[in-house]
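First up is the structure itself, then whatever we jot down about it.
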Amino acid sequence: MCKDLFVVENDAELSKVLGLMKDKNVLEIPITSKKGKFIGLISHEAIVKRRNLPMNTKAEHLMISPPKIKPTDDLLHAAQMLVTSGLRSIPVTFKGSIVGIISRPDVAGQVLKNKEMASTPVEELMSKSPQFVSENDTLGKARELMRKLDMRSVPVVDGKGKISGVVGVREMLRFFKPITRPSKGTKTGEKEPVRIEVKSVMRTPPIFATPDTTLGEAIKKIQHNKISTLIITEDKKPKGIVTMADIVEYIASQSKSRGVFLHITGVEEDPEITELMESILKKGLIRINKYAETTMLALHVSHHHHEGEENFGVRLRLTTSLGMFYTSNDGWDLFPQLDESLRNLERLVRKEKGKAIKSRRRGA
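Residue numbering for the sequence shown is 14 to 377, as defined by the numbering used here.
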């Protein structure tokens, strides 16, 4: 937990909030009342979702109510709250006052104190077959890929398919800046810069690791280089990605309590849609649980328009007793896609279960 706090009061203007986020390199800031009591949180994501915001908008009109974390809560609870909320940091409160901030890096750093978790190969929790951009692609293409994947950075490869750099949010902020209106009547939006190739702004040299790198070593690399995404390579070609979010999800999945953690992102807060999606997910998990115990299911939904029609992308990551499994697909009908993706996961888990049985028989 970090005790070096910076907060804003409920009547702080948006211009002050954005300035503080930029100066402190943070995406979430606690909001307090005039009396210093914690009342909510303002996130960069919430600001971006709201269009046409005057710079004098008060923080209290944009704040959300984050999960509650107390100083006495354990690491697993903090990890689970970070996962289910989708936030990168959550205030820690005591008797209504904020006493600290717990973040993804704080939780991930605790892995170093657990020998079993720290010795886990990153191959077991990395997202496999990562998508990437080439050096000659535009920043616009890189940004769209990041939005689709819900990632803060993506790998960059050269003409031979080998990792040559990384491009992320920090690089984008220099060129894609929202235009807010200081007063009523001024146009807002976002201007795309003149065609800029990724290679001209990407971070080099890229920070990467191999599949057999331990989780402890990976976390140290992430901490030392102050990054949130670590590229996993074989023969200098990208084979996977490990993010702070992946590590926190892995920690949260270690809970011995009953039930599966569902983490859904990219979906508008529509109760009917969320309820239907959860119903489909739970039915899929019932089938999968015949082959392996599941502890975490993360779903990200992206959407874009193609030739006048809205298309959806579905990405699923499943944590089980047999390891982690991934699947994704695209199409125009969200719910059938989701069901098909779950059936793909079921096939993958069933296949892995068969391998495990054959391996035990050979060893008998």
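We put the beta carbon where it would ideally sit given N, CA and C, even for glycine.
Item, Value
"Local Cβ density within 10 Å of His-74, reported as buried at 16 or more and exposed below that", "exposed"
"Distance, Ser-140 Cα to Thr-305 Cα", "Per the sequence presented here, residue 305 reads as Ala, with Thr not at that position. Whole-angstrom Cα-Cα distance: 19 Å."
"Check whether Leu-243 and Val-124 have beta carbons under 9 Å apart", "no"
"C-beta atoms of Thr-333 and Ile-301 nearer than 9 Å", "yes"
"Sequence ranges, alpha helix (DSSP H) only - wholly within the region 279-339, length at least 4", "284-301"
"When Ser-56, Lys-47, Gly-49 and Met-130 are compared against Lys-35, the one with the closest alpha-carbon", "Ser-56"
"DSSP bridge partner residues for Pro-104 (one or two, in chain order)", "Ile-114"
"Where Ser-372 sits in the DSSP three-state scheme", "helix"
"Three-pair Cβ contact test at 8 Å for the region 147-166 versus the region 206-223", "yes"
"Continuous beta strand (DSSP E) stretch holding Gly-53: start and end", "51-56"
"Residue from Asp-248, Glu-353, Met-257 and Val-169 whose Cα sits closest to the Cα of Lys-234", "Met-257"
"Reduced DSSP category for Leu-275 - H, G, I as helix; E, B as strand; rest coil", "strand"
"Nearest candidate by alpha-carbon position, reference Leu-18, set Leu-361, Thr-307, Ile-103 and Ser-78", "Ile-103"
"Contact set for Ile-111: own chain, Cβ-Cβ below 6 Å, skip 5 residues either direction", "Pro-43, Phe-51 and Pro-104"
"Cβ-Cβ separation, Ile-245 to Val-135 (assumed contact under 8 Å), whole Å", "6 Å"
"Inter-residue CB distance, Leu-335 and Ala-369 (contact presumed, cutoff 8 Å)", "6 Å"
"C-alpha gap between Thr-8 and Ser-177, whole angstroms", "No statement about residue 8 is possible, as the shown extent of the chain runs from 14 to 377 and does not include it."
"Given Lys-175 as reference, the closest of Leu-54, Lys-296, Phe-145 and Lys-249 once Cα atoms are compared", "Lys-249"
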